[in-house]
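Colleague:
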Amino acid sequence: MKVVLLGNAGAGKSTLARRLMARSPAARLSLDAVAFLDGSERRPIQDSIAAVNRWMAGNESWIIEGCYADILEPIVPLCDELLFLNPGVEACIAHCRARAWEPDKFRSRQEQDANLANLIEWVRSYEERTDEYGLARHRALYDAFPGRKREFRDPSAYAAL
Numbered sequence: 044m045k046v047v048l049l050g051n052a053g054a055g056k057s058t059l060a061r062r063l064m065a066r067s068p069a070a071r072l073s074l075d076a077v078a079f080l081d082g083s084e085r086r087p088i089q090d091s092i093a094a095v096n097r098w099m100a101g102n103e104s105w106i107i108e109g110c111y112a113d114i115l116e117p118i119v120p121l122c123d124e125l126l127f128l129n130p131g132v133e134a135c136i137a138h139c140r141a142r143a144w145e146p147d148k149f150r151s152r153q154e155q156d157a158n159l160a161n162l163i164e165w166v167r168s169y170e171e172r173t174d175e176y177g178l179a180r181h182r183a184l185y186d187a188f189p190g191r192k193r194e195f196r197d198p199s200a201y202a203a204l
């Protein structure tokens, strides 16, 4: 299994990755782990892509999840399946509000909660953004992929995977 999960923050990528891994053992990489230096500064794109390539080389079966179209562009051709989670902005915001504490991203639940308003503002701009995180880039990446792919607009549809 070599699967890429693409979508907005809060779309359910991490949840779906865990569900897929429970059925079929695979390594999981959240692109957040390779996209940034310390803090909010993005790593040079070639460094992020090289890190993903090294990680893939060390794993026979994998799931990569993220919203970084610029990192995914050269990676997607190597996957067996591309899953685009596109449930709409309001569903993503609801998921963000209900999100459990993510100790791999935040030192405390309080720190995560303090960032929630910024996250929701960022998620809300998904359909208008033209950067690597926005719907337009995700749609272009998905549409251009010639392999097996599925787009999900209803979270209950991919909750059953």
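Residue numbers (this note's numbering): 44 to 204.
Virtual Cβ for every residue (Gly too), placed ideally from N, Cα, C.
1. Which of helix, strand or coil does DSSP assign to A69?
2. In terms of residues, what are the limits of the beta strand (DSSP E) holding I107?
3. I need the straight-line Cα distance from L126 to E108, nearest angstrom please.
4. Taking only three categories from DSSP, how would you classify K192?
5. So what's R45 in DSSP terms, helix, strand or just coil?
6. Helix, strand or coil for E170 per DSSP?
7. Nearest to S67 by alpha carbon, out of V95, G55 and E103?
8. At which residues does the beta strand (DSSP E) containing E124 begin and terminate?
9. Would you mind sorting W144 into buried or exposed? The rule is 16 or more other CB atoms within 10 Å of its CB.
10. What first and last residue would you give for the alpha helix (DSSP H) that runs through P198?
Modeller: In short:
1. coil
2. W105 to G109
3. 9 Å
4. strand
5. The displayed chain sequence assigns Lys, not Arg, to residue 45. It is a strand residue.
6. coil
7. E103
8. E124 to L128
9. exposed
10. P198 to A202
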